[in-house]
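Final position of the sequence shown in the numbering used here is 534; the numbers increase by one with none missing.
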Amino acid sequence: MGRTVIIEESVENYISSLYGIHKWQIGLIIGQLSPQRDYVLHLARTPEQTGDSDGDCKPAAIDDIENNWIVEHAHQVSRMLTGGLDVIGVFAFGPMDMLTKSQVKLRQLVFSIQKIVQHKAASYFDNLIHSRILLQICSGTKKITCRTIDVSDQRISAVSFIMLQATPNPAEVKYQSFSSKWSKLEASLSLTDGCFDVPRKLETSGLNKQIMSSIHKTLQSISSALCTVNGELYADDQTLVSSEKSGRSSQASSTQTFKIDLFTDESCNNMEPVEVDTAASIRISGSMCCQAYVHQKATAGEAVQALKYDAIRCFLSRCEVLCEYVMENQEEKPNRGTCNLGCCTFEVKNSVIYEHGKKKKSDYRQGIQPRILRFRAPPQRYKGLRDVTMRCVLFIEWLNSPFFPSFSLSETFFSTWTSPQRVFVPLGSGPVKVCDYVFKDETLKESKERIAELLGIELKEEDFECIEDFPDVQTVRSLVEEMQTESNEEITESEEVQQGPGKRVIGAVVGIVVAVVAAGVTFLLGEQTG
Numbered sequence: 005m006g007r008t009v010i011i012e013e014s015v016e017n018y019i020s021s022l023y024g025i026h027k028w029q030i031g032l033i034i035g036q037l038s039p040q041r042d043y044v045l046h047l048a049r050t051p052e053q054t055g056d057s058d059g060d061c062k063p064a065a066i067d068d069i070e071n072n073w074i075v076e077h078a079h080q081v082s083r084m085l086t087g088g089l090d091v092i093g094v095f096a097f098g099p100m101d102m103l104t105k106s107q108v109k110l111r112q113l114v115f116s117i118q119k120i121v122q123h124k125a126a127s128y129f130d131n132l133i134h135s136r137i138l139l140q141i142c143s144g145t146k147k148i149t150c151r152t153i154d155v156s157d158q159r160i161s162a163v164s165f166i167m168l169q170a171t172p173n174p175a176e177v178k179y180q181s182f183s184s185k186w187s188k189l190e191a192s193l194s195l196t197d198g199c200f201d202v203p204r205k206l207e208t209s210g211l212n213k214q215i216m217s218s219i220h221k222t223l224q225s226i227s228s229a230l231c232t233v234n235g236e237l238y239a240d241d242q243t244l245v246s247s248e249k250s251g252r253s254s255q256a257s258s259t260q261t262f263k264i265d266l267f268t269d270e271s272c273n274n275m276e277p278v279e280v281d282t283a284a285s286i287r288i289s290g291s292m293c294c295q296a297y298v299h300q301k302a303t304a305g306e307a308v309q310a311l312k313y314d315a316i317r318c319f320l321s322r323c324e325v326l327c328e329y330v331m332e333n334q335e336e337k338p339n340r341g342t343c344n345l346g347c348c349t350f351e352v353k354n355s356v357i358y359e360h361g362k363k364k365k366s367d368y369r370q371g372i373q374p375r376i377l378r379f380r381a382p383p384q385r386y387k388g389l390r391d392v393t394m395r396c397v398l399f400i401e402w403l404n405s406p407f408f409p410s411f412s413l414s415e416t417f418f419s420t421w422t423s424p425q426r427v428f429v430p431l432g433s434g435p436v437k438v439c440d441y442v443f444k445d446e447t448l449k450e451s452k453e454r455i456a457e458l459l460g461i462e463l464k465e466e467d468f469e470c471i472e473d474f475p476d477v478q479t480v481r482s483l484v485e486e487m488q489t490e491s492n493e494e495i496t497e498s499e500e501v502q503q504g505p506g507k508r509v510i511g512a513v514v515g516i517v518v519a520v521v522a523a524g525v526t527f528l529l530g531e532q533t534g
């Protein structure tokens, strides 16, 4: 017998509700993988795909729905998950003949989803579990077939005809009510006035690539950080909840909460100025709330890794949300004062347009267009995902830039947006929560509709937990004044040092200075309540 898959009893109720009502369905399995067994907490039905015109009908069978549509659904859902949770597989419901014809498609989807959902955050961890679940439910016989697939072989996932040689292994299915016994982990990740350099070689790259390259070492330090659990150091193989406490909590069905503190190892030995070839400097400051959930038998090592994974995935998602908005803004408002850098656009106060670089074809592969809030949307948008205006505070300072040779060192351009705050909502009736990103000018009703569309969860506004706050106007104004003062001092220092072109001493700015304030996201000066 292969792996054991434990399914939450509420999921069994959802499966029972499908019989006699739906001809077929396909969707995502949300849960947690562990070395001993896998846990299924929720099944998220993929929204119906409609054609480009009103006359087009929805797909008649599982094989007719586009893979990109399902992969995009997984992409968007993955950003709504807290630590410990992941898209761990695909489920399909339908008559036996339809399921039989869809075997190739379903296995392709398992690999495609794993590739797009985990390729960034997962790269910072070495010991992740690589099995994924394929759950098939026959609408006629009500037979449930569960198999696991090893997706660790990238060669297999890259070539479809080789991929099909990967043999799914049968898994044993059990139904239990377990989520009420899970442990919750909380942490506040702080970044105080972090300054990151963009290498000169990425000068013409898109903003997203520049930011990802700049914060890579910071994310590495998070993944390798020393962590305390409720102020104590735990061995990785030590059980998070002792057997005695676990017995008591099992009877009471209560969720225990653990406070995690992360301590990164940053060398302070080299205090001498270092000359680097840089195209930009990105300044990040603030804090963000992180949450994770682990099963009742998890070790301290599993718990800490789940919390770190949430911190990194949330950090990456928020950076990309900002970059997607900048790209979308270039598409929708080409006549406003803008400055183009690579494939990204920054709005500026002065009505000056200077084009540099072009979008890469990969940005629009397979006809998928960029969107606000999410990554790339399929040709037909999901019903619950409506465009909203994203504002985050984005400071851009052009100093002796090769793109703007006519500008003097004293000319500075600023533009302001406000980025979303992270809110938490329960995943069903249990204590486990997922998240969404809500903008300042967006209502909780809109977030509720989005969650219902992507996850199939019906919520009330009182179900929302809003921990992060948007920065007030005075906070942002003070920050701008502080940056302007520092900039003037750095310009003076730069002129005195008289460095060569393309070089700078850390602390003296040459090129582009980009500082991001993401309210709630808290790239800069975000606050938390409570």
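Just so you know, even glycine gets a beta-carbon here, dropped at the ideal spot from N, CA and C.
1) Pull up the distance between the alpha-carbon of Ile-455 and that of Thr-489, whole angstroms please.
2) Please tell me whether Leu-554 and Lys-449 are closer than 7 Å, where the distance is taken between their beta carbons.
3) Could you check where the beta strand (DSSP E) with Thr-222 kicks off and where it finishes?
4) Taking 7 Å as the threshold (C-beta atoms), are Thr-86 and His-314 in contact?
5) Can you say whether Thr-50 is buried or exposed, counting buried as having 16 or more other CB atoms within 10 angstroms of its CB?
6) Counting along the chain, where does the alpha helix (DSSP H) carrying Arg-111 start and finish?
7) If I follow the unbroken alpha helix (DSSP H) through Ser-14, where does it start and stop?
8) Using DSSP with H/G/I as helix, E/B as strand and the rest coil, what is Val-325?
9) Quick one: using the 10 Å Cβ neighbour count with 16 as the cut-off for buried, is His-123 buried or exposed?
10) Using a threshold of 7 Å, state whether the C-beta atoms of Asn-303 and Asp-265 are closer than that.
11) State yes or no: is the C-beta of His-79 within less than 7 Å of the C-beta of Ile-120?
12) Given a cut-off of 7 Å on the beta-carbon distance, is the pair Lys-185 and Gln-107 in contact?
13) Where does Asn-71 fall in DSSP's three states?
14) If you compare alpha carbons, which of Thr-447, Pro-172, Gln-309 is closest to Phe-129?
15) Might you give, ordered along the chain, the residues of its own chain that have their beta carbon closer than 7 Å to the beta carbon of Ser-14, omitting 5 neighbours on each side?
16) Compare the C-beta of Met-331 with all C-beta atoms of chain B and state if any pair is closer than 7 Å.
17) How about Lys-109 and Asp-68: are their beta carbons less than 7 Å apart?
18) So Tyr-43 and Ile-10 are supposed to be a Cβ contact under 8 Å. How far apart are they, rounded?
19) Would you kindly work out how many angstroms separate the C-alpha atoms of Ser-156 and Ser-135, rounded to a whole number?
20) Measure the CB-CB distance between Gly-88 and Ile-137 and report whether it falls below 7 Å.
21) If we count the other Cβ atoms within 10 Å of its Cβ and call it buried at 16 or more, is Thr-268 buried or exposed?
22) To the nearest whole angstrom, what separates the beta carbons of Phe-97 and Leu-22, a pair I think is in contact under 8 Å?
23) Would you call Glu-176 buried or exposed, if buried means 16 or more other Cβ atoms sit within 10 Å of its Cβ?
Based on what the coordinates show:
1) Looking up residue 455 in the sequence shown gives position 451. Looking up residue 489 in the sequence shown gives position 485. Answer to the nearest angstrom: the Cα atoms are 43 Å apart.
2) One cannot answer for residue 554 here, as it falls past the ends of the chain, which runs 5 to 534.
3) Residue 222 sits at position 218 when you count from the first residue of the sequence shown. Not the beta strand (DSSP E): Thr-222 falls in the alpha helix (DSSP H), residues 220-227.
4) Position 310 of the sequence shown, counted from the first residue, corresponds to residue 314. Position 82 of the sequence shown, counted from the first residue, corresponds to residue 86. The sequence shown places Asp at residue 314, not His. Yes, Cβ-Cβ distance for Asp-314 and Thr-86 is below 7 Å.
5) If you number the sequence shown from 1, residue 50 lands on position 46. Thr-50 should be labelled buried.
6) Reading the sequence shown from its first residue, position 107 is the one you call residue 111. Residues 107-122.
7) Indexing the sequence shown from 1 puts residue 14 at position 10. Residues 13-22.
8) Looking up residue 325 in the sequence shown gives position 321. DSSP places Val-325 in helix when its eight states are reduced to three.
9) As a first step, residue 123 must be located in the sequence shown, where it is residue number 119. Flag for His-123 reads exposed.
10) Locating residue 303 in the sequence shown gives position 299, counting from the first residue. Locating residue 265 in the sequence shown gives position 261, counting from the first residue. Rather than Asn, the amino acid found at residue 303 in this sequence is Thr. No, they are not a contact pair.
11) Reading the sequence shown from its first residue, position 75 is the one you call residue 79. Reading the sequence shown from its first residue, position 116 is the one you call residue 120. It is a contact, given that the beta carbons lie within the stated cut-off.
12) For this step, residue 185 is matched to residue 181 along the sequence shown. For this step, residue 107 is matched to residue 103 along the sequence shown. Not in contact: Lys-185 and Gln-107 (Cβ atoms no closer than 7 Å).
13) Taking the sequence shown and counting its residues from 1, one reaches residue 71 at position 67. Three-state result, Asn-71: helix.
14) Walking along the sequence shown from the start, residue 129 turns up at place 125. That would be Gln-309, whose Cα lies nearest to the Cα of Phe-129.
15) Sequence index remark: in the sequence shown, residue 14 carries index 10 (1-based). Correct list, in chain order: Gly-432, Ser-433.
16) No chain B appears in the structure shown, which is made up of a single protein chain.
17) Taking the first residue of the sequence shown as position 1, residue 109 is located at position 105. Taking the first residue of the sequence shown as position 1, residue 68 is located at position 64. No. Outside cutoff.
18) Reading the sequence shown from its first residue, position 39 is the one you call residue 43. Reading the sequence shown from its first residue, position 6 is the one you call residue 10. About 5 Å separates the two Cβ atoms, so the contact holds.
19) As a working mapping, residue 156 is identified with position 152 in the sequence shown. As a working mapping, residue 135 is identified with position 131 in the sequence shown. C-alpha separation (whole angstroms): 8 Å.
20) The residue you call residue 88 lines up with position 84 of the sequence shown. The residue you call residue 137 lines up with position 133 of the sequence shown. Not a contact, by the Cβ cut-off of 7 Å.
21) Taking the sequence shown and counting its residues from 1, one reaches residue 268 at position 264. Burial call: exposed.
22) Reading the sequence shown from its first residue, position 93 is the one you call residue 97. Reading the sequence shown from its first residue, position 18 is the one you call residue 22. Confirmed, about 5 Å.
23) Along the sequence shown, one-based indexing puts residue 176 at 172. Looking at its Cβ environment, which holds fewer than 16 other Cβ atoms inside 10 Å, Glu-176 is exposed.
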